[in-house]
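Data block below; observations after.
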Amino acid sequence: MALEISHLVGGYSQIPVLKDISFSVHSHELVGLIGLNGAGKSTTIKHIIGLLEPQSGKIMIDGQTLQENSKEYKSKLAYIPETPILYDELTLKEHLDLTIMAYSLNHDEAWKKAERLLKMFRLDKKLDWFPANFSKGMRQKVMIICAFITNAKIFIIDEPFYGLDPLAIQDLLTLIKEVKTEGAAVLMSTHVLSTAQEVCDRFVMIDKGKITAQGDLAELKNQYQDQTASLSDIYLGLTQGERDE
Numbered sequence: 139m140a141l142e143i144s145h146l147v148g149g150y151s152q153i154p155v156l157k158d159i160s161f162s163v164h165s166h167e168l169v170g171l172i173g174l175n176g177a178g179k180s181t182t183i184k185h186i187i188g189l190l191e192p193q194s195g196k197i198m199i200d201g202q203t204l205q206e207n208s209k210e211y212k213s214k215l216a217y218i219p220e221t222p223i224l225y226d227e228l229t230l231k232e233h234l235d236l237t238i239m240a241y242s243l244n245h246d247e248a249w250k251k252a253e254r255l256l257k258m259f260r261l262d263k264k265l266d267w268f269p270a271n272f273s274k275g276m277r278q279k280v281m282i283i284c285a286f287i288t289n290a291k292i293f294i295i296d297e298p299f300y301g302l303d304p305l306a307i308q309d310l311l312t313l314i315k316e317v318k319t320e321g322a323a324v325l326m327s328t329h330v331l332s333t334a335q336e337v338c339d340r341f342v343m344i345d346k347g348k349i350t351a352q353g354d355l356a357e358l359k360n361q362y363q364d365q366t367a368s369l370s371d372i373y374l375g376l377t378q379g380e381r382d383e
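So our numbering is basically just the index in the sequence shown, starting at one, shifted up by 138.
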């Protein structure tokens, strides 16, 4: 499997935010990480990408931990943050060149991918632009392009739909389908449950640092004991149930 999280406990201090969570994401699969603000989604992602160190438990990409081989681990991971992070002094072209160098990609192959994606997201005429000239949506598109020119095994995408126009959202979903077909795995955190229900293969629901349910929609409906329920109904029902206990 591409990503495996086993009994992860962690957070920002000695009091853990994440309380013994375990789940996996397989090749050819898009898993939705579903939760309200403060549920633990971003903390989970920060542990996966190595910004936070687990208090206990293990995170593996392609059977390898960050501690065992950080360079190999990071080379298999592409991350698109909720808030775009760009270098003010670098042009769009320089951001792409930096990504190619950081991932040790074949220059010509990576630029062939980049040219297609630049046209897809309507940025092909803006290679000499600096981030100061970009809207939030355009900045988000730069992050998407930089991620998808890599040969990552696992794509971590955090709340991707905010700031993107409907056409860009459709383009992103097309790219996700393409990398899934090629064998990559995708973990996507999102509040947009209607879209998640349509595009995700499985779901991991997290609330107050614990996983409340996981599985495909049919399995979640069985657990919720309502075959007519939407993903939103199930998540809010399970979350409310936790709070009522």
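Virtual Cβ for every residue (Gly too), placed ideally from N, Cα, C. Because the structure is a prediction, the values reported are computed rather than measured.
Backbone secondary structure at residue i - three-state DSSP
i, result
"residue 348", "strand"
"residue 386", "Examination of residue 386 is not possible in this model, given that the chain is present from 139 through 383 alone."
"residue 216", "strand"
"residue 368", "coil"
"residue 251", "helix"
"residue 145", "strand"
"residue 311", "helix"
"residue 354", "coil"
"residue 291", "coil"
"residue 342", "strand"
"residue 361", "helix"
"residue 375", "helix"
"residue 156", "strand"
"residue 200", "coil"
"residue 296", "strand"
"residue 184", "helix"
Start and end residues, beta strand (DSSP E) containing residue i
i, result
"residue 139", "Looking at the DSSP string, residue 139 is not in any beta strand (DSSP E), and its letter there is neither H nor E."
"residue 223", "Per DSSP, residue 223 belongs to no beta strand (DSSP E) and is neither H nor E."
"residue 232", "It is not in any beta strand (DSSP E) - residue 232 instead sits in the alpha helix (DSSP H) that spans 230 to 240."
"residue 165", "Note, residue 165: premise wrong, no beta strand (DSSP E); not H, not E."
"residue 173", "From DSSP, residue 173 is part of no beta strand (DSSP E); its letter is neither H nor E."
"residue 323", "323 to 327"
C-beta atoms of residue i and residue j nearer than 8 Å
i, j, result
"residue 201", "residue 146", "no"
"residue 198", "residue 164", "no"
"residue 324", "residue 171", "no"
"residue 345", "residue 173", "yes"
"residue 322", "residue 328", "no"
"residue 186", "residue 295", "no"
"residue 341", "residue 376", "no"
"residue 298", "residue 326", "yes"
"residue 362", "residue 331", "no"
"residue 155", "residue 178", "yes"
"residue 396", "residue 268", "Past the boundaries of the shown model lies residue 396; the chain is included only from 139 to 383, so the question cannot be answered."
"residue 291", "residue 166", "no"
"residue 277", "residue 224", "yes"
Range covered by the alpha helix (DSSP H) that runs through residue i
i, result
"residue 334", "331 to 337"
Cβ of residue i within 8 Å of any chain D Cβ
i, result
"residue 191", "The question asks about chain D, but that chain is absent: this structure has only one protein chain."
Are at least three pairs of beta-carbons, each pair with one atom in the stretch 245 to 253 and one in the stretch 210 to 227, less than 8 Å apart? no
The stretch 145 to 161 in contact with the stretch 341 to 351 per 3-pair CB rule at 8 Å: Cβ pair count under 8 Å is three or more, so yes.
For a minimum of 4 consecutive residues, which ranges assigned as the alpha helix (DSSP H) are wholly contained in the stretch 254 to 287? As far as the stretch 254 to 287 is concerned, its whole alpha helix (DSSP H) runs of at least 4 residues are 274 to 286.
Is the number of C-beta pairs between the stretch 216 to 235 and the stretch 275 to 288 that are closer than 8 Å three or more? yes
Does the stretch 302 to 312 come close enough to the stretch 233 to 242 that 3 or more CB-CB pairs lie under 8 Å? no
Tell me whether the stretch 264 to 282 and the stretch 224 to 231 touch, counting them as touching only if at least three CB pairs, one residue from each stretch, are closer than 8 Å. yes
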